[in-house]
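Undergrad:
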Amino acid sequence: MTAIWFVILAGLLIGYAVLDGFDLGVGTLHLWIARTDEERRIALNAIAPVWDGNEVWLIAWGASLFLAFPRAFAVAFSGFYLPLVIALWLLMGRGIAIEFRHHIADPLWRGAWDVIFSISSLLLTVLYGVAVGNVVTGVPINDQGYFQGLFEWMLNPYALLMGLFSLVILVMHGAVYLCVKAGGALQARARDLAARLWLVLVALALAVTLVTFAARRQLLQNFGAAPALLVVPLLAAVFLVLVRRFLQRRDDGLAFLSSCGLICALLASTAIGLYPYLLLSEPHSERSLTIANAAAAPSGLLAAALWMIPGVILLAIYQGFVYRTFKGKVVPGTGAHY
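Spelled out as C-alpha cells, the structure:
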C-alpha cells in the first residue's frame, strides 16, 4: 500500500506540473511576447478557463502527502515553511492579477497587473525547480527528525540550476500551448520562441543530467536493479526530439502533447530514482524519510485511498470536460473575458 501511495503522489505531482506548467509558462512570457492589449487578452483567455482548476492538483498532492505520509508532510512543510509561504503569496498574486486587470480599461492599470502576473508566474517556476533540486540532493535533518536548513542554504548552485531548468522547460511548454490556442503574429512569435528555448533546453538537460548523476549516484541504483525502467528517461529524450520535429512541421497539437510527455517522463525518471525515499537527509542518510518510516498506519492508508482515489478520478473527468468545452483557438471578441 505504501508503494501505491508513492505512485499516487508522483502521479499527482506530474499532473500538476504538466497542467499548471503551461499556464505558468504563458503567464511568464505573455508580458514580453504579446505586444498589444488584445494579444495579452488572447494569451490570458487561452488559460483562463483552466488555470485555477490546474492548481487543484497541487492541493490534492499536499492533502495526499498529509494522509499517507504525515511524518514527511510535517518535516517537509516545516522545513520548507518560508518557500511555501512565498509560493502561496505568488499563487495569490497570480489569481488577483488575472481577475483584477479587466475591471478598469486603463493601460496603466492593466499593465501593472500584467507585470504582477508575469513576475509571480516566473518566480513560481524557479521556486518549484529549486524545491526539486533540494529534494534530489537532500536536506539537513537532525537526529530528532527536524529539518534544519535555512532558506539561503536552499539556494545552492545545484538547486538554482534546477530552477533555471524548470523556468526554461515551463516557458517553452507555455509557448507551445500558445501555438495551439493563438493565431496570427502571436502564434508566430510563440513558435519562434519555443524553437529558441528548445535549443537552450537541450543544453540545460545535458548539464542537469551530468551534474545530477555526479552529485547523486544513488539515483542510478533503481535503474541498475531494473534496467527495463531505463525506457522512462529514454522516452524523455524521444519526446524532446519530437517537440522540435512537430514545431518544424507546424503541427502544434502534437508538439504540445510531446511537451506534456517530456515533462511526464522527466518527473517519472526522478521519482524512480528517488524511490523509496520521500525526503533524503544530507549528510546523514540514515535520517532520510522513506515510504516505510514516514507512512501512516495501514488502516489509515486504506481509508485514505478509498476517499482520495475516487476524488482524483472525478477531478480528471471534470478537467477533461472543461478542456473539451473550451478547445480550439481563442478568437478576439467572441466571449473573451479578461
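Take the sequence shown: its position 158, counting from 1, is numbered 151 in our numbering, and each next residue is one higher.
C-beta: ideal position from N, C-alpha, C; glycine also.
Quick caveat: nothing in here was measured; it's all calculated off a predicted structure.
#1: With a threshold of 9 angstroms between beta-carbons, can Gln180 be considered close to chain B, or not?
#2: From Pro63 to Ala288, what distance separates their C-alpha atoms?
#3: Which partner residues of Leu272 appear in the DSSP bridge assignment?
#4: Under the rule that 16 or more other beta-carbon atoms within 10 Å means buried, what is Ile97, buried or exposed?
#5: Just confirm the distance between the C-beta atoms of Ser281 and His166, as a whole number of angstroms; I'd bet it's less than 8 angstroms.
#6: Determine, using beta-carbon pairs with one atom in the segment 102 to 113 and one in the segment 13 to 27, whether at least three such pairs fall under 8 angstroms.
#7: Expressed to the nearest angstrom, what Euclidean distance is found between the alpha-carbon atoms of Ala124 and Val193?
#8: So what does Arg132 bridge to, in DSSP terms?
#9: Take Val43 and list the residues in its own chain whose beta-carbon comes closer than 8 angstroms to its own, dropping the five residues that flank it on each side.
#10: Quick check: the Cα distance between Ala10 and Ile256, rounded to an integer number of angstroms?
#11: Of the residues Gly46, Leu272, Ala(-4), Gln241, which one's Cα is nearest the Cα of Gly72?
#12: Taking Gly104 as the reference, give the member of Val49, Trp82, Arg33, Val68 with the closest Cα.
#13: Do Leu157 and Gly122 have their CB atoms nearer than 9 angstroms?
#14: Locate the alpha helix (DSSP H) running through Tyr170, then write down its first and last residues.
#15: Using C-beta distances below 6 angstroms, list every residue in its chain close to Asn127, excluding the 5 sequence neighbours before and after it, in chain order.
#16: Based on DSSP bridge pairs, tell me the residues matched to Phe140.
#17: Among the candidates Thr29, Ala258, Ala65, whose CA atom is the shortest distance from the CA of Ala198?
#18: Can you find at least 3 beta carbon pairs, one from the segment 204 to 212 and one from the segment 227 to 234, that sit closer than 8 angstroms?
#19: So what does DSSP say about Glu92, is it helix, strand or coil?
#20: Enumerated in chain order, which unbroken segments of the alpha helix (DSSP H) with a length of 4 residues or greater are wholly contained in the segment 62 to 127?
#21: State buried or exposed for Ala90, treating a residue as buried only when at least 16 other CB atoms are found within 10 Å of its CB.
#22: Taking the straight line between their C-alpha atoms, what separation do you get for Asp99 and Arg28?
#23: DSSP on Thr205, reduced to helix/strand/coil?
#24: In chain order, what residues of the same chain lie with their CB nearer than 7 angstroms to the CB of Gly176, ignoring the 5 residues before and after it?
#25: Would you mind working out which of Thr118, Val225, Glu92 sits nearest Asp107, comparing C-alpha positions?
#26: Can you give me the start and stop residues for the alpha helix (DSSP H) that Leu250 sits inside?
#27: When we look at the beta-carbon of Leu267 and count the other beta-carbons within 10 Å, is it buried (16 or more) or exposed?
#28: Express the C-alpha separation of Ala218 and Leu117 in angstroms, rounding to a whole number.
#29: Mind checking whether Arg182 and Leu240 have CB atoms under 9 angstroms apart?
#30: Given this structure, state the Cα-to-Cα distance separating Ala53 from Phe66, to the nearest angstrom.
#31: Could you check if Val324 is buried or exposed, using at least 16 other CB atoms within 10 Å of its CB as the buried criterion?
#32: At which residues does the alpha helix (DSSP H) containing Ala(-4) begin and terminate?
#33: In this structure, does DSSP put Gly55 in helix, strand or coil?
TA: On the basis of the coordinates in this document:
#1: Checking the listed chains, one finds no chain B in this structure; it contains a single protein chain.
#2: By one-based count along the sequence shown, residue 63 stands at place 70. By one-based count along the sequence shown, residue 288 stands at place 295. Using only the alpha carbons, I get a separation of about 7 angstroms.
#3: Within the sequence shown, residue 272 is the residue found at index 279, counting from 1. DSSP lists Leu282 as partners of Leu272.
#4: Counted from its first residue, the sequence shown places residue 97 at position 104. It is exposed - the Cβ of Ile97 has fewer than 16 other Cβ atoms within 10 Å.
#5: The residue labelled residue 281 in the question sits at position 288 within the sequence shown. The residue labelled residue 166 in the question sits at position 173 within the sequence shown. The Cβ separation is near 31 angstroms, so there is no contact.
#6: yes
#7: By 1-based counting over the sequence shown, the position of residue 124 is 131. By 1-based counting over the sequence shown, the position of residue 193 is 200. Going by the C-alpha atoms only, they are around 21 angstroms apart.
#8: The sequence position of residue 132 within the sequence shown is 139, counting from 1. It is Val, not Arg, that sits at residue 132 in the sequence shown. Answer is Ser274, bridged to Val132.
#9: One-based indexing of the sequence shown puts residue 43 at position 50. Here the set comprises Leu12, Asp16, Gln312, Val315, Tyr316, Phe319.
#10: To locate residue 10, count along the sequence shown from 1; it is residue 17. To locate residue 256, count along the sequence shown from 1; it is residue 263. Answer to the nearest angstrom: the Cα atoms are 7 angstroms apart.
#11: As a first step, residue 72 is located in the sequence shown; it is residue number 79 there, counting from the start. Answer by Cα proximity: Leu272.
#12: Position 111 of the sequence shown, counted from the start, is the residue given in the question as residue 104. Answer by Cα proximity: Arg33.
#13: In the sequence shown, residue 157 corresponds to position 164, counting from 1. In the sequence shown, residue 122 corresponds to position 129, counting from 1. Yes, Cβ-Cβ distance for Leu157 and Gly122 is below 9 angstroms.
#14: Counting from one through the sequence shown, the residue named residue 170 turns up at place 177. Looking at the DSSP string, the run of the alpha helix (DSSP H) that includes Tyr170 is 150 to 174.
#15: Start at 1 with the first residue of the sequence shown, and residue 127 comes out as number 134. Met147, Ala152.
#16: Position 147 of the sequence shown, counting from 1, holds the residue named residue 140. Paired residue(s): Ile134.
#17: Along the sequence shown, read from residue 1 onward, the residue named residue 198 stands at position 205. Out of Thr29, Ala258, Ala65, Ala258 has the C-alpha closest to the C-alpha of Ala198.
#18: no
#19: Translated into the one-based positions of the sequence shown, residue 92 becomes position 99. Looking at Glu92 - three-state DSSP - the assignment turns out to be helix.
#20: 63 to 72, 74 to 93
#21: The residue labelled residue 90 in the question sits at position 97 within the sequence shown. Classification of Ala90: buried, given that the 10 Å Cβ count is 16 or more.
#22: The residue labelled residue 99 in the question sits at position 106 within the sequence shown. The residue labelled residue 28 in the question sits at position 35 within the sequence shown. Whole-angstrom Cα-Cα distance: 16 angstroms.
#23: On the sequence shown, residue 205 is found 212 positions in, with the first residue counted as 1. Thr205 falls in the helix class under three-state DSSP.
#24: In the sequence shown, the residue the question calls residue 176 occupies position 183. Correct list, in chain order: Lys322.
#25: To locate residue 107, count along the sequence shown from 1; it is residue 114. Nearest option by C-alpha distance: Glu92.
#26: Translated into the one-based positions of the sequence shown, residue 250 becomes position 257. Residues 245 to 267.
#27: Translated into positions along the sequence shown, residue 267 becomes position 274. Leu267 is buried by the Cβ-count criterion.
#28: Position 124 of the sequence shown, counting from 1, holds the residue named residue 117. Position 225 of the sequence shown, counting from 1, holds the residue named residue 218. Cα to Cα, the separation comes out at about 35 angstroms.
#29: By 1-based counting over the sequence shown, the position of residue 182 is 189. By 1-based counting over the sequence shown, the position of residue 240 is 247. Result no, Cβ atoms of Arg182 and Leu240 do not sit closer than 9 angstroms.
#30: What you label residue 53 is simply residue 60 of the sequence shown in a count that begins at 1. What you label residue 66 is simply residue 73 of the sequence shown in a count that begins at 1. Going by the C-alpha atoms only, they are around 13 angstroms apart.
#31: Position 331 of the sequence shown, counted from the start, is the residue given in the question as residue 324. Counting Cβ neighbours within 10 Å, Val324 comes out exposed, since fewer than 16 surround it.
#32: Numbered from its first residue, the sequence shown carries residue -4 at position 3. Ala(-4) -> alpha helix (DSSP H) spans -5 to 26.
#33: Working through the sequence shown from its first residue, we reach residue 55 at position 62. Helix at Gly55.
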